[in-house]
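Residue numbers (my numbering), protein chains in the order written: chain A, 52 to 305; chain B, 52 to 305.
Where is the CB? At the ideal position from N, CA and C, for every residue including glycine.
Here the structure is a predicted model, which is why all the values come from computation and not from measurement.
Taking it in order: structure first as structure tokens, then the write-up.
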């Protein structure tokens, strides 16, 4: 895909693009400020599902980023919308920190909906979900990311647990976060912008770049966060551009 | 495949065929006694990897089965043999109950070797294994069973965790328990019997029956344990016979 020279909107992944853990990626804070000053629409799309949006935004502000709650779309929000629009009674397999935003699990669930429970992916929680899936319930996953970069190295993301339940129960999950087209469309719709008028900046070649480009949005892969050199030579996905980091990625739009 | 009318050896899965939890499957205790009286060679092949062989055998005896330690081949034994014959330094991701039989993990491992850790599949243990795999180590799995039947229902087996690590790290596990051909061959070799002179009785259409038949051994699927009606109509695997239970399966050999 070709990069629009003057995009109306910039969609931005958070972890690995703006920050790693509680550290800003070099140059990202002033770069975001400069990008914002151009008046372009901004939306932040994250597949992080261990933390509620309000906490994510507070952390980003504490690091030094200017960011508003309404600019952030999260995979748990996408899951809540999906459950509501499909009339599902969810069994939530999620991190306790996001549970209050989602409500209680139904005593008679019609779907298993999972986020990144991290340390709360206990055998008991997985087995409960497995039994529901084996009895015929569908599996909705907020994301299926393979790993993310923490300050101490690559860390297992929820995709492993999605793949595990899929294998054991013989089901295929519906993913509602990135790379789902509806998730990117929701971001564009909230800005009133068409796909060819936007770009997506991310460190995940499949979920950020592959997902955006499948939705008609040019993707810029950055060489930070979970990026690994082989990501530049992906079998199927060719990013519209590859840049060293977020600051380098947005310079053409200033 | 055709069932040999007068097999020299009978290979038998344990959980779901002879017993479920601490209960014998109806008729299995006298059936095994009668089969043993025919003088045929017997080997028990189990993918259970949460429990050491000595404990498995004690439990079976407590239930009422006549069974000797030497007749039982376990997936952890197969893993130990594989590690030794391939000169690997293992990082063991296993249940603490079988750890003493396997020895300590190497401080400089050259392979991740996993069993069914069950409740000990903590996020931390999974993440440690993931990081080793992401750094290039191969993955050896004792089994990749999807589930087994406990007294209170189907229960998640280690396959979910194998599939999860495979997905996250982009690797493919080598399985050393059933359905690995070498595992069935080790059983035959210990009896000095050729594949066409043996039968395998199991409740798992892929690992027991598919594995045995790939090794040239006719498989008898029983409708107990994890058996589900759709297993009789598997896409690829056609058991040499399907019988209601172990007792029905061995009657022709008495």
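Cut-off 8 angstroms between Cβ atoms - residues of its own chain near residue i, not counting five sequence neighbours on either side
i                      : result
residue 223 of chain A : 190 and 217
residue 32 of chain B  : Past the boundaries of the shown model lies residue 32 of chain B; chain B is included only from 52 to 305, so the question cannot be answered.
residue 277 of chain A : 67, 198, 199, 200, 205, 254 and 255
residue 282 of chain B : 256 and 272
Cβ-based neighbour list, residue i, same chain, cut-off 7 angstroms, excluding 5 preceding and 5 following
i                      : result
residue 154 of chain A : none
residue 207 of chain B : 198
residue 72 of chain B  : 201 and 202
residue 127 of chain A : 100, 149, 152, 153, 166 and 193
residue 92 of chain B  : 59, 60, 242 and 244
residue 108 of chain A : 118, 120 and 123
residue 220 of chain B : 181, 184 and 185
residue 169 of chain B : 101 and 146
residue 291 of chain A : 52, 53, 54, 269, 270 and 271
Residue-level contact to chain B via CB, residue i, 8 angstroms cutoff
i                      : result
residue 83 of chain A  : no
residue 182 of chain A : yes
residue 115 of chain A : no
residue 98 of chain A  : no
Nonlocal neighbours in the same chain, by C-beta distance under 6 angstroms from residue i, ignoring five residues either side
i                      : result
residue 125 of chain B : 97 and 104
residue 162 of chain B : 139, 141, 188, 189 and 191
residue 152 of chain B : 103
residue 156 of chain A : 142 and 143
residue 63 of chain A  : 95 and 252
residue 172 of chain B : 212
residue 65 of chain A  : 95 and 97
residue 129 of chain A : 227, 228 and 234
residue 195 of chain A : 210, 213 and 226
residue 264 of chain A : 52 and 270
Cross-strand partners of residue i (DSSP beta bridge)
i                      : result
residue 142 of chain B : B:163
residue 251 of chain A : A:62 and A:270
residue 96 of chain A  : A:124
residue 90 of chain A  : DSSP, once it has assigned bridges, lists no residue as partnering residue 90 of chain A.
residue 191 of chain B : B:164 and B:225
residue 104 of chain B : In DSSP, residue 104 of chain B forms no bridge with anything.
residue 283 of chain B : According to DSSP, which records beta bridges pairwise, residue 283 of chain B is partnered with nothing at all.
residue 70 of chain A  : A:66 and A:75
residue 205 of chain B : B:200
residue 293 of chain B : B:272
Buried versus exposed call for residue i [16 or more other C-beta atoms within 10 Å across all chains shown]
i                      : result
residue 112 of chain A : exposed
residue 147 of chain B : exposed
residue 57 of chain B  : exposed
residue 202 of chain B : exposed
residue 164 of chain B : buried
residue 302 of chain B : exposed
residue 178 of chain A : buried
residue 280 of chain B : exposed
residue 81 of chain A  : exposed
residue 53 of chain B  : exposed
residue 60 of chain B  : buried
residue 135 of chain B : exposed
residue 88 of chain B  : exposed
residue 275 of chain B : buried
residue 77 of chain A  : exposed
residue 273 of chain A : buried
residue 305 of chain B : exposed
residue 286 of chain A : exposed
residue 258 of chain B : buried
Chain B contact residues for residue i, given Cβ-Cβ distances below 8 angstroms
i                      : result
residue 219 of chain A : 197, 198, 207, 208, 210, 211 and 214
residue 178 of chain A : 206 and 207
residue 169 of chain A : 174
Closer than 8 angstroms to chain A by CB, residue i
i                      : result
residue 228 of chain B : no
residue 300 of chain B : no
Chain A residues whose Cβ lies nearer than 7 angstroms to that of residue i
i                      : result
residue 297 of chain B : Within 7 angstroms Cβ-Cβ: nothing; residue 297 of chain B doesn't reach chain A, min ~24 angstroms.
Chain-ordered chain B contacts of residue i [CB-CB under 9 angstroms]
i                      : result
residue 278 of chain A : Going along chain B, no residue has its Cβ under 9 angstroms from residue 278 of chain A, so there is no contact; the nearest lies around 14 angstroms.
residue 187 of chain A : Chain B residues near residue 187 of chain A: none, gap ~12 angstroms exceeds 9 angstroms.
Below-8 angstroms beta-carbon distance, residue i vs any chain C residue
i                      : result
residue 235 of chain A : Among the chains of the structure shown, chain C does not appear; the protein chains present are A and B.
Within chain A, partners of residue i - CB distance below 9 angstroms
i                      : result
residue 192 of chain B : Going along chain A, no residue has its Cβ under 9 angstroms from residue 192 of chain B, so there is no contact; the nearest lies around 12 angstroms.
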